[in-house]
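A.B. asks:
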Amino acid sequence: MKAIIGLGNPGKDYQRTRHNVGFMTIDQIANMLNIEINKIKFKSVYKDFNYKGEKLIIVKPQTYMNKSGEAVRELMNFYKLEPEDIIVIYDDVDIQFGDVRIRMKGSGGSHNGMKSIISQIQSDQFPRIRIGVGQKHEAQDLANFVLSAFSKEEIEDIEIATKTAGEAALTYASQGINFAMNRYNIRKKD
């Protein structure tokens with residue numbers, strides 16, 4: 162079994178914000194596969210199903226970003242998942258806007274949702290997909306920036322990025338992390 166976990170904040174106020182590209186990616190996956198995310202458990206909304214012979218679960222934690230690890234830990238404990246069985250999708254201000262980058266492991270950096278997961282599962286040895294959401298202006302507060310909505314000009318590019326991230330996550334689930342990294346670690350063309 163594999164779990165694809167998209168990070169974000171619940172509620173309409175956060176729907177189209179930079180911090181919610183993980184949720185947006187899970188929604189893209191649901192749309193691609195024509196499935197409805199309709200189960201509630203593990204402090205999350207989720208859907209479990211079979212995908213190319215693999216049991217798969219797509220998850221949107223409902224704990225708010227800074228406590229995402231609580232939901233991930235509950236999910237992993239219930240399904241007896243190892244860190245390498247999950248892939249986490251989240252926003253990143255340190256890569257170019259619209260880029261999709263896959264890593265096998267690493268620190269949480271400045272991302273509080275990732276820090277929460279690493280703390281709760283006591284490991285940073287899990288795959289992740291980072292989506293570039295732009296960089297804040299020098300005087301701008303990071304929290305205010307990631308909680309800001311995308312502009313009309315940005316939304317088309319971010320929809321492409323979240324669709325690409327969704328395809329990458331499904332590739333990870335069916336063909337492994339190395340194949341997904343080789344196929345999707347490409348930079349957006351200017």
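Residues 162 to 351 (the working numbering) are what the sequence shown spells out, left to right. All C-beta atoms, glycine included, are put in the ideal place defined by N, C-alpha and C.
Pick helix, strand or coil for Leu217, following the three-state DSSP scheme.
C.D. replies: Taking the sequence shown and counting its residues from 1, one reaches residue 217 at position 56. Looking at Leu217 - three-state DSSP - the assignment turns out to be strand.
A.B. asks: If we count the other Cβ atoms within 10 Å of its Cβ and call it buried at 16 or more, is Arg264 buried or exposed?
C.D. replies: Taking the first residue of the sequence shown as 1, we reach residue 264 at position 103. It counts as exposed.
A.B. asks: Considering only residues of the segment 275–311, which uninterrupted beta strand (DSSP E) runs meet the minimum length of 3 residues and lie entirely inside it, listed in chain order?
C.D. replies: 289–293
A.B. asks: Tell me whether Met185 is buried or exposed, calling it buried when 16 or more other Cβ atoms sit within 10 Å of its Cβ.
C.D. replies: Position 24 of the sequence shown holds residue 185. It counts as buried.
A.B. asks: Report the three-state DSSP secondary structure of Arg262 (helix, strand or coil).
C.D. replies: What you label residue 262 is simply residue 101 of the sequence shown in a count that begins at 1. Under the three-state reduction of DSSP, Arg262 is assigned to strand.
A.B. asks: Over the uninterrupted alpha helix (DSSP H) stretch that includes Thr188, give me the two end residues.
C.D. replies: Translated into the one-based positions of the sequence shown, residue 188 becomes position 27. Note that residue 188 is Asp in the sequence shown here, rather than Thr. Taken as a continuous stretch (DSSP letters only), the alpha helix (DSSP H) holding Asp188 covers 182–194.
A.B. asks: Alpha carbon to alpha carbon, how far is Arg179 from Asn192?
C.D. replies: As a working note, residue 179 is residue 18 in the sequence shown. As a working note, residue 192 is residue 31 in the sequence shown. Distance between the alpha carbons of Arg179 and Asn192: 20 Å.
A.B. asks: Using CA atoms only, rank isn't needed, just tell me which of Asn227, Phe306, Pro288 is closest to Asp255.
C.D. replies: What you label residue 255 is simply residue 94 of the sequence shown in a count that begins at 1. Among Asn227, Phe306, Pro288, the Cα nearest to that of Asp255 is on Phe306.
A.B. asks: Taking only three categories from DSSP, how would you classify Lys204?
C.D. replies: Working through the sequence shown from its first residue, we reach residue 204 at position 43. Three-state result, Lys204: coil.
A.B. asks: Quick one: is Leu303 buried, meaning 16 or more other Cβ sit within 10 Å of its Cβ, or exposed?
C.D. replies: In the sequence shown, the residue the question calls residue 303 occupies position 142. Leu303 is exposed by the Cβ-count criterion.
A.B. asks: With DSSP as the reference, label Ile250 as helix, strand or coil.
C.D. replies: Counting from one through the sequence shown, the residue named residue 250 turns up at place 89. Strand at Ile250.
A.B. asks: How many angstroms separate the CA atom of Gly183 from the CA atom of Gln189?
C.D. replies: Within the sequence shown, the letter at position 22 stands for residue 183. Within the sequence shown, the letter at position 28 stands for residue 189. Roughly 10 Å separates the two Cα atoms.
A.B. asks: Whole angstroms is fine: what's the gap from Arg384's alpha carbon to Ile247's?
C.D. replies: With the chain covering only 162 through 351, there is no way to say anything about residue 384.
A.B. asks: Using DSSP with H/G/I as helix, E/B as strand and the rest coil, what is Pro244?
C.D. replies: Mapped onto the sequence shown, residue 244 falls at position 83. Helix.
A.B. asks: DSSP three-state call for Asn346: helix, strand or coil?
C.D. replies: Along the sequence shown, read from residue 1 onward, the residue named residue 346 stands at position 185. DSSP places Asn346 in coil when its eight states are reduced to three.
A.B. asks: Measure how close the beta-carbons of Val249 and Met275 come, nearest whole angstrom, since I'm counting them as under 8 Å.
C.D. replies: Taking the sequence shown and counting its residues from 1, the one referred to as residue 249 is at position 88. Taking the sequence shown and counting its residues from 1, the one referred to as residue 275 is at position 114. Yes, they are in contact, since the Cβ atoms of Val249 and Met275 sit about 7 Å apart, within 8 Å.
A.B. asks: What is the residue span of the alpha helix (DSSP H) that Lys163 lies within?
C.D. replies: The residue given as residue 163 occupies position 2 in the sequence shown. Counting along the chain, Lys163 falls outside any alpha helix (DSSP H), though it belongs to the beta strand (DSSP E) covering 163–167.
A.B. asks: Report all residues from its chain with a CB closer than 6 Å to the CB of Ile165; omit the five preceding and five following residues, and keep chain order.
C.D. replies: Within the sequence shown, numbered from 1, the residue matching residue 165 stands at position 4. Hits under 6 Å: Ile219, Ile248, Ala330.
A.B. asks: Identify the continuous alpha helix (DSSP H) that holds Glu197 and give its terminal residues.
C.D. replies: In the sequence shown, the residue the question calls residue 197 occupies position 36. The continuous stretches of alpha helix (DSSP H) do not include Glu197, and DSSP gives it neither H nor E.
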